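Student: A single structure is presented below for examination.
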Amino acid sequence: MPETIFEALRESHVTQRSLIRKLMRSQPGPDRVALFTALRIELAAHEAAEERFLYVPMLMDDRGLHPSRDALADHHKMDELVEKLQTPSHAGRRWTATVHQLSEELHEHLREEEKSFFQLAGKILTDSQKIALAKRYRKGYEAMRAKLIEGC
Numbered sequence: 042m043p044e045t046i047f048e049a050l051r052e053s054h055v056t057q058r059s060l061i062r063k064l065m066r067s068q069p070g071p072d073r074v075a076l077f078t079a080l081r082i083e084l085a086a087h088e089a090a091e092e093r094f095l096y097v098p099m100l101m102d103d104r105g106l107h108p109s110r111d112a113l114a115d116h117h118k119m120d121e122l123v124e125k126l127q128t129p130s131h132a133g134r135r136w137t138a139t140v141h142q143l144s145e146e147l148h149e150h151l152r153e154e155e156k157s158f159f160q161l162a163g164k165i166l167t168d169s170q171k172i173a174l175a176k177r178y179r180k181g182y183e184a185m186r187a188k189l190i191e192g193c
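The C-terminal residue of the sequence shown carries number 193 in this note's numbering, and the numbering is unbroken.
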């Protein structure tokens, strides 16, 4: 069976969890900066594509309106935390505390999405939509990721 939007999204979720874990264990220095940059790019590319190719179709259905708004608010919170983390040193207690806060927000968002949002979306979207959205998500994700990498 062809890939669905949910499988495509879960792949990025695995990457996000791995990167935030590594970032939380990292020490100040070039490796930490590289991990933070990789996480920042992954989150931004994923969010942009997910919002366009999952949240927008969900917003078109009354059942998906409130959950999609909640998910968008989660993305906004995480974006604000990532912005706070964009400092020259990537070190210090405040920076580390913000990474922990981002980790909590991220893990909670991914859990909610995978445990309830995807199930609701599975009921709202048709099988052909799930497959088509996966293709569009992949294309949008890769384009955004390339753009963000180029900007570094």
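From the three backbone atoms N, C-alpha and C, an ideal C-beta is built for every residue, glycine too. Computed from a prediction, not measured in an experiment: that's the story for all the values here.
State the start and end residues of the unbroken alpha helix (DSSP H) segment that holds Glu-83.
Tutor: 71-91
Student: Roughly how many angstroms separate the alpha carbons of Phe-159 and Val-123, rounded to a whole number?
Tutor: 25 Å
Student: At a cut of 8 Å, does the stretch 68-75 reach the stretch 178-192 through at least three beta carbon pairs?
Tutor: no
Student: With Thr-45 and Ile-172 assumed to form a contact (beta carbons below 8 Å), what rounded beta-carbon distance in angstroms separates them?
Tutor: 6 Å
Student: Cα-Cα, which of Arg-66, His-87, Leu-174 is closest to Ala-187?
Tutor: His-87
Student: Determine the burial state of Ser-53: buried for a count of at least 16 other Cβ atoms within 10 Å of its Cβ, exposed for fewer.
Tutor: buried
Student: Can you check whether the CB of His-141 is closer than 8 Å to the CB of Met-119?
Tutor: Taking 8 Å as the Cβ cut-off, Met-119 and His-141 do not qualify as a contacting pair.
Student: Could you check what DSSP says for His-19 in three-state terms: helix, strand or coil?
Tutor: For residue 19 there is no data in the structure shown, the boundaries of the chain being 42 and 193.
Student: Is Gln-195 helix, strand or coil by DSSP?
Tutor: The requested residue 195 is not part of the displayed model; the chain covers only 42 to 193.
Student: Count the other C-beta atoms from every protein chain shown that fall within 10 angstroms of the C-beta of His-220, then say buried if there are 16 or more, exposed otherwise.
Tutor: In the structure displayed, the chain extends from 42 to 193; residue 220 sits before or after that span and is not available.
Student: First and last residue of the alpha helix (DSSP H) that includes Gln-68?
Tutor: Segment: none, Gln-68 is in no alpha helix (DSSP H) and carries neither H nor E.
Student: Quick one: give me the first and last residue of the alpha helix (DSSP H) that Gly-181 is part of.
Tutor: 168-191
Student: Return the residue from the list Thr-139, Leu-95, Leu-113 that minimises the CA-CA distance to Leu-161.
Tutor: Leu-95
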